[in-house]
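In the working numbering, the protein residues as written are 55 to 365. We put the CB at the ideal spot given by N, CA and C, even for glycine.
Structure representation (structure tokens):
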């Protein structure tokens with residue numbers, strides 16, 4: 055079954071390890087993605103802190119060199135995405151996880167469009183010049199049961215306006231509840247939570263409240279379910295992931311759910327150790343949800359958002 059995945063950390067994991075994107079030692083290596091039926095993988099350039107501008111440039115250079123070396127199609131428009139869904143070869147969508155590296159210089163954000171970036175998040179797990187994250191810490195330990203109400207800074211508000219103008223999808227997966235609500239207020243342009251689950255099913259701060267799920271759905275956005283065993287809950291099985299999908303659909307509707315595995319950035323659950331196990335997951339979901347909803351989840355919902363925002 056062809057599918058699109060909205061988030062992985064494979065690009066930065068491979069670079070940091072001195073490996074290539076096709077190295078079989080990674081959860082979402084390029085060869086594994088092709089074998090699994092992935093039509094398009096969102097590869098995140100992940101930077102942790104405010105002072106990572108140089109590192110961002112190194113990751114970017116690595117991405118370009120690897121897609122050239124491996125003959126990977128970079129997806130820049132919906133026609134590219136549709137072509138990859140029809141073909142048998144995985145395409146690459148360049149995204150950014152954590153825009154903190156721009157500091158207080160929004161001109162750095164202006165350049166994202168010229169790089170071919172199609173999705174970006176303002177923040178990761180730590181506060182930056184743009185926003186608060188959805189994790190609180192005590193003595194360096196994450197407090198997964200506590201939610202953050204603080205939101206965007208004035209600079210973060212300007213960054214949101216800029217991303218909209220650049221036709222880059224805004225990703226709120228690591229953003230605080232307060233920041234997400236600021237972005238979603240009277241929102242007409244779709245946004246995504248590229249790798250998040252439902253807090254009502256597993257009550258960690260990285261998962262979305264029903265209110266946020268509904269508001270994302272109301273603006274036409276989608277939520278990519280995350281495979282991280284810590285965010286799935288209970289036994290972290292296919293059944294637990296199905297429970298998150300069902301809850302998101304019950305709250306936000308059939309058009310609100312997609313896939314955002316977070317491979318190479320997570321402890322994976324049993325039977326989902328890498329993307330070669332995704333076909334079995336998709337078959338399980340289809341057996342329990344039916345073909346129509348599973349097809350939407352696999353690629354139609356994300357494609358709709360991509361078309362609406364990126365063109």
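The beta strand (DSSP E) runs of length 3 or more contained entirely in the region 158-198 are, from start to end of the chain, 171-175, 190-192 and 195-197. Secondary structure remark: continuous alpha helix (DSSP H) runs of at least 4 residues inside the region 299-345, in chain order: 332-343. Considering only 324, 271 and 300, the residue with the shortest C-alpha distance to residue 283 is 324.
The beta carbon of residue 149 lies closer than 6 Å to those of 96, 98 and 173 in the same chain, with the five residues before and after it left out. In the three-state reduction of the DSSP assignment, residue 225 falls in the strand class.
In the three-state reduction of the DSSP assignment, residue 60 falls in the strand class, which pools E and B.
Residue 146: member of the beta strand (DSSP E) spanning 145-151, first to last residue.
Across the set 305, 292 and 331, the C-alpha of 292 shows the shortest separation from the C-alpha of residue 341. With respect to residue 272, residue 305 sits apart: the two C-beta atoms are not nearer than 7 Å. Contact between the region 214-227 and the region 323-339 is absent: fewer than 3 CB-CB pairs across the two stretches fall below 8 Å. By the neighbour-count definition (other C-beta atoms within 10 Å, threshold 16), residue 195 is an exposed residue. By the neighbour-count criterion, in which a residue is buried when 16 or more other Cβ atoms sit within 10 angstroms of its Cβ, residue 113 is buried. Residue pairing of residue 273 in beta bridges, as defined by DSSP: absent, with no partner found. DSSP places residue 213 inside the alpha helix (DSSP H), whose first and last residues are 208-219.
Under DSSP, residue 262 forms a beta bridge with 252.
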